[in-house]
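S.K.: For reference, the structure I am asking about is given below.
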Amino acid sequence: MTVITDSDITAASYDELVERVLGGGFGPDPGTQRIAVAFTTRQAVRHAGRSGGYRNEVLSLRLAQAVGSCAVEPGGLPDSAVDDCVGADIARLLEHELLPVRVAALDAYLMHVLPHSPAAGARPCQLPAGSSLEKSRARAEAVVDLLDATPGRTVLVVGVVNSLLEALRARGLAYLPCDLKGGTTEWGEPVRTDALSELERCDAVLASGMTLGNGSFESLRVHALRHAKPLVMFAQTGSAVLPRLIGAGVTAVCAEPYPFFWLDGGPGTIHRYGGSERSGAAL
Numbered sequence: 001m002t003v004i005t006d007s008d009i010t011a012a013s014y015d016e017l018v019e020r021v022l023g024g025g026f027g028p029d030p031g032t033q034r035i036a037v038a039f040t041t042r043q044a045v046r047h048a049g050r051s052g053g054y055r056n057e058v059l060s061l062r063l064a065q066a067v068g069s070c071a072v073e074p075g076g077l078p079d080s081a082v083d084d085c086v087g088a089d090i091a092r093l094l095e096h097e098l099l100p101v102r103v104a105a106l107d108a109y110l111m112h113v114l115p116h117s118p119a120a121g122a123r124p125c126q127l128p129a130g131s132s133l134e135k136s137r138a139r140a141e142a143v144v145d146l147l148d149a150t151p152g153r154t155v156l157v158v159g160v161v162n163s164l165l166e167a168l169r170a171r172g173l174a175y176l177p178c179d180l181k182g183g184t185t186e187w188g189e190p191v192r193t194d195a196l197s198e199l200e201r202c203d204a205v206l207a208s209g210m211t212l213g214n215g216s217f218e219s220l221r222v223h224a225l226r227h228a229k230p231l232v233m234f235a236q237t238g239s240a241v242l243p244r245l246i247g248a249g250v251t252a253v254c255a256e257p258y259p260f261f262w263l264d265g266g267p268g269t270i271h272r273y274g275g276s277e278r279s280g281a282a283l
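Here it is in structure tokens:
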């Protein structure tokens, strides 16, 4: 019987993870693994009772039974990207000129060879059926439960989701909301656009996996590692990538592979790794 150890399935940085995949360190030669289907998912959201809304766009790649994803700014992905991916092997896509393509390809490969399971360190968490807002709030509770921060501490939130801010407020935590889109939160608070400039002001970081696709993740990871700050990732982007970086600056991950909670009103499953969650019970 083969025993999987943490050192077998973790890496010290994103670049090292890519190098190990390219070298066959996680499984089959990525040059032999081809993407069968590539697609984008676009949505616009305005939850009932909320004053504002937002849009999402996600590139997803299908490798065998696995789907890897990377969110992008709406309109930021050229149509040619999908055509580039179909039929291409993972090794080639890991060297693609577009970072979101590289991230989605890595996510697809790791989802294929290390699907979310207890053997890979995952703890499944059931999300109940419900409206888009109900499911958003349930996911937010699952994410914030992983955060090791006491009331009065300040959390840098990178990728503003109002349900996450609501959950932090309920726990007596202060927060610095950051998002490239800017704007204001549901409570009229200004949203900062430069997360890296706010790092010195926070006690912990709660960040979207979308930081993988826009290139800001490694700066967050290195800061958290150097300053021993909790870094919790909520990941639709890179849900299979980020768990492999726990212990290298990442403290915990709430991984949500495709299809995402906002695509369906029925029950669903997310997967939690690491952290100091308050409860392992289903929400």
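Everything in the sequence shown is counted per UniProt numbering, starting at 1 for the first residue and increasing by one.
Positions of the beta carbon are idealized from the N, C-alpha and C atoms, including for glycine.
Predicted, not measured: the structure shown is a model, and the values here were computed from it.
What residue from W187, G188, V191, L263 has the CA that sits closest to L133's CA?
M.R.: Counted from its first residue, the sequence shown places residue 133 at position 133. Nearest C-alpha to L133: L263.
S.K.: Mapping DSSP to helix, strand and coil, what is V205?
M.R.: Here residue 205 refers to the residue found at position 205 of the sequence shown. V205 falls in the strand class under three-state DSSP.
S.K.: Just to confirm before moving on: does the CB-CB distance between T237 and G213 stay below 7 Å?
M.R.: Position 237 of the sequence shown, counted from the start, is the residue given in the question as residue 237. Position 213 of the sequence shown, counted from the start, is the residue given in the question as residue 213. In contact: T237 and G213 (Cβ atoms closer than 7 Å).
S.K.: Taking 6 Å as the limit between beta carbons, can you name the residues of its chain near T41, skipping five residues before and five after?
M.R.: Taking the sequence shown and counting its residues from 1, the one referred to as residue 41 is at position 41. Closer than 6 Å at Cβ, skipping near neighbours: V58.
S.K.: Whole angstroms are fine: how far does the CA of S163 sit from the CA of L199?
M.R.: By 1-based counting over the sequence shown, the position of residue 199 is 199. By 1-based counting over the sequence shown, the position of residue 163 is 163. Spanning the two alpha carbons is a distance of roughly 22 Å.
S.K.: Are at least three pairs of beta-carbons, each pair with one atom in the stretch 135-151 and one in the stretch 203-210, less than 8 Å apart?
M.R.: They touch, by the three-pair rule.
S.K.: Would you kindly work out how many angstroms separate the C-alpha atoms of H112 and P230, rounded to a whole number?
M.R.: Within the sequence shown, residue 112 is the residue found at index 112, counting from 1. Within the sequence shown, residue 230 is the residue found at index 230, counting from 1. So the two alpha carbons sit approximately 28 Å from each other.
S.K.: E256: buried (16+ other C-beta within 10 angstroms of its C-beta) or exposed?
M.R.: On the sequence shown, position 256 is the one that residue 256 refers to. Under this definition E256 is a buried residue.
S.K.: Could you spell out where the beta strand (DSSP E) holding V232 opens and where it closes?
M.R.: In the sequence shown, the residue the question calls residue 232 occupies position 232. Segment 231-235, the beta strand (DSSP E) holding V232.
S.K.: So, at 8 Å on beta carbons, what are the nonlocal neighbours of T269 in its own chain, with the 5 sequence-adjacent residues on each side left out?
M.R.: For this step, residue 269 is matched to residue 269 along the sequence shown. Hits under 8 Å: P124, C125, Q126, L127.
S.K.: Looking only at C-alpha atoms, which of V143, T211, S136 sits nearest to C254?
M.R.: By 1-based counting over the sequence shown, the position of residue 254 is 254. Residue V143 is the option with its Cα nearest to C254.
S.K.: Grab me the residues of A140's own chain with a C-beta within less than 6 Å of its C-beta, minus the 5 sequence neighbours each way, in chain order.
M.R.: Along the sequence shown, read from residue 1 onward, the residue named residue 140 stands at position 140. Taken in chain order, the residues that qualify are S163, L164, A167.
S.K.: Give me the residue from L196, S239, A11 with the minimum Cα distance to V103.
M.R.: Reading the sequence shown from its first residue, position 103 is the one you call residue 103. When each option's Cα is compared against that of V103, the closest is S239.
S.K.: For V82, collect the residues of the same chain with a Cβ closer than 6 Å to its Cβ; drop the 5 residues on either side in sequence, then sort them by chain order.
M.R.: The count along the sequence shown starts at 1 and reaches residue 82 at position 82. Cβ neighbours of V82 beyond the five flanking positions: A38.
S.K.: Considering only the beta carbon of each residue, do V155 and L173 sit closer than 7 Å?
M.R.: Counted from its first residue, the sequence shown places residue 155 at position 155. Counted from its first residue, the sequence shown places residue 173 at position 173. It is a contact, given that the beta carbons lie within the stated cut-off.
S.K.: Within 10 angstroms of the Cβ of Q33, are there 16 or more other Cβ atoms? Answer buried if so, exposed if not.
M.R.: On the sequence shown, residue 33 is found 33 positions in, with the first residue counted as 1. Answer is buried; the Cβ neighbour count reaches 16.
S.K.: Can you confirm whether the stretch 18-31 touches the stretch 68-77 when touching is taken to mean that 3 or more C-beta pairs between the two stretches lie within less than 8 Å?
M.R.: Cβ pair count under 8 Å is below three, so no.
S.K.: Exposed or buried, G182, counting other C-beta atoms within 10 Å across all chains shown (16 or more means buried)?
M.R.: Numbered from its first residue, the sequence shown carries residue 182 at position 182. With fewer than 16 Cβ atoms within 10 Å of its Cβ, G182 is classed as exposed.
S.K.: Please tell me whether L61 and C85 are closer than 7 Å, where the distance is taken between their beta carbons.
M.R.: Your numbering for residue 61 matches position 61 in the sequence shown. Your numbering for residue 85 matches position 85 in the sequence shown. Contact: yes.
S.K.: Give the DSSP-derived three-state secondary structure of S69 in the structure shown.
M.R.: Counted from its first residue, the sequence shown places residue 69 at position 69. DSSP places S69 in strand when its eight states are reduced to three.
S.K.: Along the beta strand (DSSP E) that carries I270, what are the first and last residues, could you check?
M.R.: The count along the sequence shown starts at 1 and reaches residue 270 at position 270. From DSSP, the beta strand (DSSP E) with I270 extends over 268-274.
S.K.: Could you check how far apart the C-beta atoms of H223 and A122 are, in whole angstroms? I think they sit under 8 Å.
M.R.: The residue given as residue 223 occupies position 223 in the sequence shown. The residue given as residue 122 occupies position 122 in the sequence shown. With a Cβ gap of about 26 Å, H223 and A122 do not count as contacting.
S.K.: Can you tell me where the beta strand (DSSP E) holding V155 begins and where it ends?
M.R.: Reading the sequence shown from its first residue, position 155 is the one you call residue 155. Taken as a continuous stretch (DSSP letters only), the beta strand (DSSP E) holding V155 covers 154-158.
S.K.: Counting C-beta neighbours from all protein chains within 10 Å, is the total for A281 16 or more, i.e. buried, or is it exposed?
M.R.: Residue 281 sits at position 281 when you count from the first residue of the sequence shown. In this prediction, A281 has a pLDDT of 31, which is less than 50 and means its spatial position is unreliable; what the coordinates show is noted afterwards. With fewer than 16 other Cβ atoms within 10 Å, it is exposed.
S.K.: Express the C-alpha separation of A207 and F260 in angstroms, rounding to a whole number.
M.R.: For this step, residue 260 is matched to residue 260 along the sequence shown. For this step, residue 207 is matched to residue 207 along the sequence shown. Near 17 Å, if we compare the C-alpha coordinates of A207 and F260.
S.K.: If the criterion is Cβ atoms closer than 7 Å, does the pair G91 and G27 meet it?
M.R.: Residue mapping note: residue 91 aligns to position 91 of the sequence shown, counting from 1. Residue mapping note: residue 27 aligns to position 27 of the sequence shown, counting from 1. A quick correction: the sequence has Ala, not Gly, at residue 91. It is not a contact, given that the beta carbons lie outside the stated cut-off.
S.K.: Would you kindly work out how many angstroms separate the C-alpha atoms of G209 and T251, rounded to a whole number?
M.R.: For this step, residue 209 is matched to residue 209 along the sequence shown. For this step, residue 251 is matched to residue 251 along the sequence shown. So the two alpha carbons sit approximately 14 Å from each other.
S.K.: Is A11 buried or exposed, if buried means 16 or more other CB atoms sit within 10 Å of its CB?
M.R.: By one-based count along the sequence shown, residue 11 stands at place 11. A11 comes out buried.
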